[in-house]
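Protein chains in written order, with our numbering: chain H, 1 to 281; chain F, 1 to 281.
2 protein chains.
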Amino acid sequence: MHLHTCSINTATLGHRRPIEAVIEAVARHGFGGIAPWRRDLEGRSPKMVARRILDAGLGVSSFCRSTYLPAESATAFERNVEDNRRAIEAAADLGAMSFVMVVGGLPGSSKDLAGARQQVEEGCAALLEHARSLGVALALEPLHPMCAADRSCLSTLEQALDLCARLEPDGAAAAPAAGVIVDVYHCWWDPKVLEQIARAGRARRIVGFHVSDWLVPTRDLLMDRGMMGDGVIDLPLLRGAVERANYNGLVEIEIFSAGNWWTRPEDEVLATCAARMQSCC
Amino acid sequence: MHLHTCSINTATLGHRRPIEAVIEAVARHGFGGIAPWRRDLEGRSPKMVARRILDAGLGVSSFCRSTYLPAESATAFERNVEDNRRAIEAAADLGAMSFVMVVGGLPGSSKDLAGARQQVEEGCAALLEHARSLGVALALEPLHPMCAADRSCLSTLEQALDLCARLEPDGAAAAPAAGVIVDVYHCWWDPKVLEQIARAGRARRIVGFHVSDWLVPTRDLLMDRGMMGDGVIDLPLLRGAVERANYNGLVEIEIFSAGNWWTRPEDEVLATCAARMQSCC
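If you want it as structure tokens, here you go:
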């Protein structure tokens with residue numbers, strides 16, 4: 001796998017240095033793209049950061065990520081939608097082709113999962129036209145079911161693709177504005193993963209492909225992702241599936257690892273990512 | 001909810017005391033059943049334990065649990081199947097109507113999830129007739145996807161019901177020998193949970209209903225289940241669904257909680273279970 005087809009999600013480096021330094025390091029290690037977070041842009045103009053990224057010869061695989069949509073009050077829900085509208089504008093200014101929708105879980109003390117999912121659908125519907133008009137795809141990212149309560153009530157590719165089809169009928173647009181991110185960490189376990197990747201391909205919905213690995217044991221529900229090759233995910237299987245589904249965008253490396261990789265020097269992390277993309281993916 | 005319709009899985013008490021003492025305590029607190037583990041029977045005759053349980057006025061909601069099926073060699077796989085055959089005989093001697101199949105995950109250093117699932121299917125097929133002849137149901141328990149690597153490559157009710165239908169066609173028997181356990185902890189997040197519970201009911205496949213709760217945050221993938229009411233699961237919703245699906249067996253309380261409930265006095269845990277079954281379920 002050529003490194004110029006790979007992108008580094010800035011979370012992989014633990015957000016320890018300013019985005020300018022991270023852009024330089026990612027380019028120096030030979031990667032072809034970067035995926036910044038909103039926090040990376042604080043106090044900066046997205047257009048200036050876009051310039052830096054372009055000058056470094058990098059693409060932007062995605063812009064992370066949405067404010068959670070479900071809320072306990074209509075006012076708070078509207079605020080969340082509005083916040084995401086601004087973030088989609090920043091994504092456009094940044095030159096990102098997609099805005100990552102981590103949709104949120106149960107708001108406050110709610111146990112109403114169906115209600116949260118309904119809010120997600122309404123929020124996405126309210127954002128879709130704005131995203132389309134700016135040329136940014138809403139990249140719905142189903143998260144692992146262990147994140148259903150507090151991060152994402154969107155848990156499977158099937159569910160995300162059903163939602164996409166309700167928001168924007170399959171085949172209605174040559175380049176759909178509602179898409180999905182296939183993140184191996186979140187969907188490797190799913191008995192329907194290959195079938196749903198193929199379905200996503202037919203509907204041209206795959207707007208991102210994220211890699212990392214599932215460690216055994218996993219010691220933390222959020223912060224213990226593994227480096228490619230250190231876990232049990234059959235990465236070539238899933239990569240082959242997204243390729244057969246005609247995804248030809250950047251392969252994004254996103255590793256949350258507070259106890260391990262985030263404690264190591266940035267150059268070591270990037271060099272390891274580069275080596276593993278060639279040996280394990 | 002009447003306590004005589006509720007059962008205590010002995011894991012809820014942390015396996016701290018001999019089964020004879022646990023039977024006495026569960027009965028004294030007014031529960032209607034118990035679900036012992038194989039470890040509870042070590043050095044004892046299952047028939048003697050069955051007698052104790054009967055004398056205490058309790059039913060046996062299930063017998064826990066299978067040896068993991070997938071293995072790295074054919075010899076080891078056969079040994080796992082044989083081990084489960086013996087355990088099914090113990091389940092029959094114990095008077096359990098079902099034997100809980102926690103099927104296992106990836107064997108050894110394998111990344112072949114499809115292969116593990118194939119082994120599970122072959123193993124269950126090899127066990128089914130034996131179980132049927134002894135009047136014990138094979139109770140396939142899909143575990144939460146976070147357990148897919150190391151405990152259960154059976155992750156959803158849909159997947160488990162598809163497997164049941166391949167093992168034994170829907171409608172082929174008045175009392176199917178292949179069934180499923182609906183455990184709220186494992187399936188509450190699933191967008192298809194209500195649809196699949198209804199499907200399981202139509203095929204008369206529900207052989208167990210387990211309750212506990214999903215805590216936010218969850219600090220451990222295995223040992224941090226919550227007491228009913230302390231988490232985010234809509235227990236009345238799921239209980240209503242299994243009742244509408246004509247499940248009228250015992251409701252089993254199964255809480256793995258190394259850091260909390262297992263450190264508390266047994267009587268406090270049982271009294272709390274009893275109270276919560278009436279206030280939260």
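Ideal Cβ positions, reconstructed from N, Cα and C, are used throughout, including at glycine. Given the structure is predicted, the values throughout are model-derived calculations rather than measurements.
Cβ neighbours of F256(H) in the same chain (closer than 7 Å, five flanking residues each side left out): Counting from 1 along the first sequence, the entry for residue 256(H) is found at position 256. So the list reads A11, L222, M223, R225, once near-sequence residues are dropped.
Measure the C-alpha to C-alpha separation of V184(H) and G231(H) and round it to an integer number of angstroms. Indexing the first sequence from 1 puts residue 184(H) at position 184. Indexing the first sequence from 1 puts residue 231(H) at position 231. The straight-line gap from Cα to Cα measures roughly 11 Å.
Range covered by the beta strand (DSSP E) that runs through F209(F): Taking the first residue of the second sequence as position 1, residue 209(F) is located at position 209. Annotation: the continuous beta strand (DSSP E) that includes F209(F) extends over 206 to 211.
Just by C-beta distance, which residues in the stretch 140 to 152 of chain F are closer than 8 Å to chain B? Structure shown: chain B not included; protein chains present are H and F.
Flag this pair as yes or no: are the beta carbons of V251(H) and A139(H) separated by less than 8 Å? Sequence index remark: in the first sequence, residue 251(H) carries index 251 (1-based). Sequence index remark: in the first sequence, residue 139(H) carries index 139 (1-based). No, Cβ-Cβ distance for V251(H) and A139(H) is not below 8 Å.
Could you name the residues of the same chain whose beta carbon sits closer than 7 Å to that of G14(H), not counting the 5 residues immediately before and after it, in chain order? Sequence index remark: in the first sequence, residue 14(H) carries index 14 (1-based). For G14(H), where only same-chain residues beyond five positions count, the Cβ hits under 7 Å are W262.
If the cut-off is 9 Å on Cβ atoms, which residues from the stretch 62 to 78 of chain H count as contacting chain F, listed in chain order? none
Near-chain F residues of the stretch 156 to 178 of chain H - C-beta to any C-beta below 9 Å: Cβ proximity to chain F below 9 Å picks out T156, E158, Q159, D162 from the stretch 156 to 178 of chain H.
Indicate whether R51(H) and I23(H) have their beta-carbon atoms separated by less than 8 Å. Sequence index remark: in the first sequence, residue 51(H) carries index 51 (1-based). Sequence index remark: in the first sequence, residue 23(H) carries index 23 (1-based). No.
Given that L13(H) touches chain F, what residues does it touch there, using C-beta distances under 8 Å? For the purposes of this step, residue 13(H) is taken as the residue at position 13 of the first sequence. Result: empty, since nearest Cβ-Cβ is about 24 Å, beyond 8 Å.
Straight-line Cα distance separating L167(F) from Q119(F): Indexing the second sequence from 1 puts residue 119(F) at position 119. Indexing the second sequence from 1 puts residue 167(F) at position 167. The straight-line gap from Cα to Cα measures roughly 13 Å.
Distance check for R204(F) and R244(F), CA to CA, integer angstroms please. Counted from its first residue, the second sequence places residue 244(F) at position 244. Counted from its first residue, the second sequence places residue 204(F) at position 204. The C-alpha of R244(F) lies about 12 Å from the C-alpha of R204(F).
From which residue to which residue does the beta strand (DSSP E) around I181(H) run? By 1-based counting over the first sequence, the position of residue 181(H) is 181. Where I181(H) is concerned, the enclosing beta strand (DSSP E) stretches over 178 to 183.
8 Å Cβ cutoff met for A116(H) and C153(H): Indexing the first sequence from 1 puts residue 116(H) at position 116. Indexing the first sequence from 1 puts residue 153(H) at position 153. Yes, the pair counts as a contact, with Cβ atoms nearer than the cut-off.
Euclidean distance between Cα positions of A241(F) and D190(H): Numbered from its first residue, the second sequence carries residue 241(F) at position 241. Numbered from its first residue, the first sequence carries residue 190(H) at position 190. Answer to the nearest angstrom: the Cα atoms are 24 Å apart.
Members of the stretch 206 to 240 of chain F that neighbour chain H once the beta carbon cut-off is set at 9 Å: W214, L215, V216, P217, T218, R219, D220, L221, L222, G231, V232, I233, D234, L235, L237
Between R38(H) and the ligand GDP, is the CB less than 7 Å from at least one heavy atom? Ligands in the displayed structure: none, and consequently the ligand GDP is not present.
State the start and end residues of the unbroken alpha helix (DSSP H) segment that holds M1(H). Stepping through the first sequence from its first residue, residue 1(H) is reached at position 1. Unbroken run through M1(H): none, as it is neither H nor E.
For the putative contact between L237(F) and H186(F), defined by C-beta atoms under 8 Å, what is the C-beta separation to the nearest angstrom? Here residue 237(F) is taken as the residue at index 237 of the second sequence, counted from 1. Here residue 186(F) is taken as the residue at index 186 of the second sequence, counted from 1. Not really, about 15 Å apart at Cβ, beyond 8 Å.
Would you call D150(H) buried or exposed, if buried means 16 or more other Cβ atoms sit within 10 Å of its Cβ? By 1-based counting over the first sequence, the position of residue 150(H) is 150. Buried.
Note down the Cα distance separating I197(H) from A178(H), rounded to an integer number of angstroms. Mapped onto the first sequence, residue 197(H) falls at position 197. Mapped onto the first sequence, residue 178(H) falls at position 178. Each residue's Cα considered, the two are about 15 Å apart.
In chain order, which continuous runs of the alpha helix (DSSP H) of length 4 or greater are located wholly inside the stretch 45 to 106 of chain H? The stretch 45 to 106 of chain H contains these whole alpha helix (DSSP H) runs: 46 to 55, 74 to 94.
As a quick exercise: from L41(F), T75(F), H29(F), S62(F), pick the residue whose alpha carbon is nearest that of A56(F). Against the second sequence, residue 56(F) aligns to sequence position 56. Distances from the alpha-carbon of A56(F) to those of L41(F), T75(F), H29(F), S62(F) put H29(F) closest.
First and last residue of the alpha helix (DSSP H) that includes A131(H)? By 1-based counting over the first sequence, the position of residue 131(H) is 131. Note, A131(H): alpha helix (DSSP H), 113 to 133.
Measuring alpha carbon to alpha carbon, tell me which of A87(H), V136(H), M227(H), V60(H) ends up nearest N260(H). Here residue 260(H) is taken as the residue at index 260 of the first sequence, counted from 1. For N260(H), the nearest C-alpha among the options comes from M227(H).
Please compile the residues from chain H whose C-beta is within a distance smaller than 8 Å of the C-beta of D112(F). Here the question's residue 112(F) lines up with position 112 in the second sequence. D234, listed in chain order.
When burial is assigned at 16 or more other CB atoms within 10 Å of the CB, is P46(F) buried or exposed? As a first step, residue 46(F) must be located in the second sequence, where it is residue number 46. Burial of P46(F) is indicated by the presence of at least 16 other C-beta atoms within 10 angstroms of its C-beta.
On the DSSP bridge list, what partners appear for L138(H)? The count along the first sequence starts at 1 and reaches residue 138(H) at position 138. In the DSSP output, where bridge partners are listed per residue, L138(H) has F99(H), A178(H).
Can you give me the C-alpha to C-alpha distance between N248(F) and L3(F), rounded to a whole angstrom? For the purposes of this step, residue 248(F) is taken as the residue at position 248 of the second sequence. For the purposes of this step, residue 3(F) is taken as the residue at position 3 of the second sequence. The alpha-carbon of N248(F) is positioned some 14 Å away from that of L3(F).
Once you ignore the five residues that flank E72(F) on each side, which residues in its own chain have a CB closer than 6 Å to its CB? The residue labelled residue 72(F) in the question sits at position 72 within the second sequence. Counting only Cβ-Cβ distances below 6 Å, and skipping sequence neighbours, we find P107, G108.
What first and last residue would you give for the beta strand (DSSP E) that runs through G33(F)? Mapped onto the second sequence, residue 33(F) falls at position 33. 33 to 35 is the span of the beta strand (DSSP E), which, as asked, contains G33(F).
Going by DSSP, what residue range makes up the alpha helix (DSSP H) through E268(H)? As a working mapping, residue 268(H) is identified with position 268 in the first sequence. Looking at the DSSP string, the run of the alpha helix (DSSP H) that includes E268(H) is 266 to 279.
Between N84(F) and the rest of its own chain, which residues show a CB-CB distance below 6 Å, the 5 nearest in sequence each way excluded? Numbered from 1 along the second sequence, position 84 holds the residue referred to as residue 84(F). Same-chain partners within the cutoff: S66, T67, L127.
Terminal residues of the continuous alpha helix (DSSP H) containing I197(H)? Stepping through the first sequence from its first residue, residue 197(H) is reached at position 197. According to the DSSP assignment, I197(H) belongs to the alpha helix (DSSP H) that extends over 193 to 202.
Sorted by chain position, which residues of the same chain lie with C-beta nearer than 6 Å to V100(F)'s C-beta, five sequence neighbours on each side aside? For the purposes of this step, residue 100(F) is identified with residue 100 of the second sequence, where counting begins at 1. S62, C64, R65, A139, E141, listed in sequence order.
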